[in-house]
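Numbering (the UniProt record's numbering), first residue to last: 1 to 467. For each residue, glycine too, the CB sits at the ideal point set by N, CA and C. Computed from a predicted model, the values in this text were never measured in an experiment.
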């Protein structure tokens, strides 16, 4: 008889059930209760709250409760939200600042957990996200942790929580992306990127967005600064069934969506305040500027803006102030430019994503299928209409001309207030920019055209021109 032997406290038991054998072989045995684990190296009966029983409290009852409740939802050791003492980090350095948090890199001495035999890796580089004191930190942290629980395969990995020893405020510990965010990645490497690289990035983003939207969640702050590249994640094998290239190098870096500070579940959506908007203005859908509620379609609009950025290598509307004038122009149909030579089928898809009517925008699933089809055509390197169009476009890739960003072009999330914005319309498609020509006046001319169509007497609009 084919069987395995399981050692209990005093004796051996022969396991003859095929299903039970499989459970033990894949999930292991709990070292505490000696019963089969409920997940990979994880016992839902004994492991949640173990850190408290071992005296490893954070010192904050609310924070301990948050970690414990998260562990109750965990189904494996690898995704266990840990309490991590601050002294387990060294080489802490500031690397970025957003509208609502400051970001640091650090070396985590313990290394990340490995789901095999509860081993840990060597020390690794991680990101520490410290919320700004203007927020209700526990409330913001609780919301973001819950989003990560539901969207873990579609988001940057959350390892655990630590606490600032001076301010006593909690800090999120997240996976580090060695290539940073997409905005900086394009700035540094754009001239070396081919369409195969760009479509691979869009594949990852739409796949992650499927997970987020499939969890009935809306990101609400999707922009190129919140897309990270270059993770070393043992769980990447889960994406292999989608045919994605997972080499963590310059050619095909793993890509994840991050920063769920503004995200919310659809059933928890609140009625939007018609005058208050939060995010990065160029990426915010026009219906949101009007005061309508966020939807999955508003995330798709943001993705459409990112698609234009992938063609030019430059952030959208960089030469004009991000103020009420720009918001008005967007509602009147202003859209960013795409690079000359961009395939027409790509431009058509961008315009669908940026349609003023949210109902006409494609879903993340539809977009993934399209990008996957295009990517496979390029990967096959066989002559076809799609392959030929993108190959011809690759011949026109150039290093984007340096532009001086306007002092009021702000690419971090912030609270904004707009009044009396009109109902959004489709007055123009995305514009084509000239190769190797820096034309900062183009956006201003489009702004003026759009603003001239606005007839509200109670609105004073001023468009600033670059010197």
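| Item | Value |
| --- | --- |
| Do you know how far the Cα of residue 316 is from the Cα of residue 549? | This structure does not reach residue 549, given that the chain is present from 1 up to 467, and the question cannot be answered. |
| According to DSSP, what are the bridge partners of residue 155? | 257 |
| Looking at the secondary structure, which residues open and close the alpha helix (DSSP H) in which residue 346 lies? | 344-353 |
| Can you check which of these residues, 61, 59, 67, 76, is closest to residue 36 by C-alpha distance? | 76 |
| If you measure between the beta carbons of residue 257 and residue 98, is that distance less than 8 Å? | no |
| I'd like the list of long-range same chain contacts for residue 393, defined as Cβ closer than 7 Å, with 5 residues on each side in sequence excluded. | 195, 341, 342, 343 |
| Report the residue from 28, 79, 345 whose alpha carbon sits nearest the alpha carbon of residue 156. | 79 |
| Quick check on residue 174: does DSSP put it in helix, strand or coil? | strand |
| Where does residue 287 land, buried or exposed, given buried means 16+ other C-beta within 10 angstroms? | buried |
| Can you give me the Cβ contacts of residue 41 inside the same chain, cut-off strictly under 6 Å, excluding the 5 residues immediately before and after it? | 28, 77, 115, 118 |
| State the Cα-Cα distance for the pair residue 46 and residue 68, rounded to the nearest angstrom. | 12 Å |
| Which residues does DSSP list as the beta-bridge partners of residue 416? | 277 |
| Apart from the five residues on each side of it in sequence, which residues of its chain come closer than 7 Å, Cβ to Cβ, to residue 281? | 322, 326, 327, 416 |
| Would you call residue 92 buried or exposed, if buried means 16 or more other Cβ atoms sit within 10 Å of its Cβ? | exposed |
| Could you check if residue 396 is buried or exposed, using at least 16 other CB atoms within 10 Å of its CB as the buried criterion? | exposed |
| May I ask you to list the residues that DSSP assigns as paired with residue 113? | 120 |
| Once the 5 residues before and after residue 337 are set aside, which same chain residues still bring their CB inside 6 Å of it? | 431, 433 |
| Could you spell out the range, first to last residue, of the alpha helix (DSSP H) harbouring residue 325? | 324-331 |
| From residue 163 to residue 71, what does the alpha carbon distance come to, in whole angstroms? | 18 Å |
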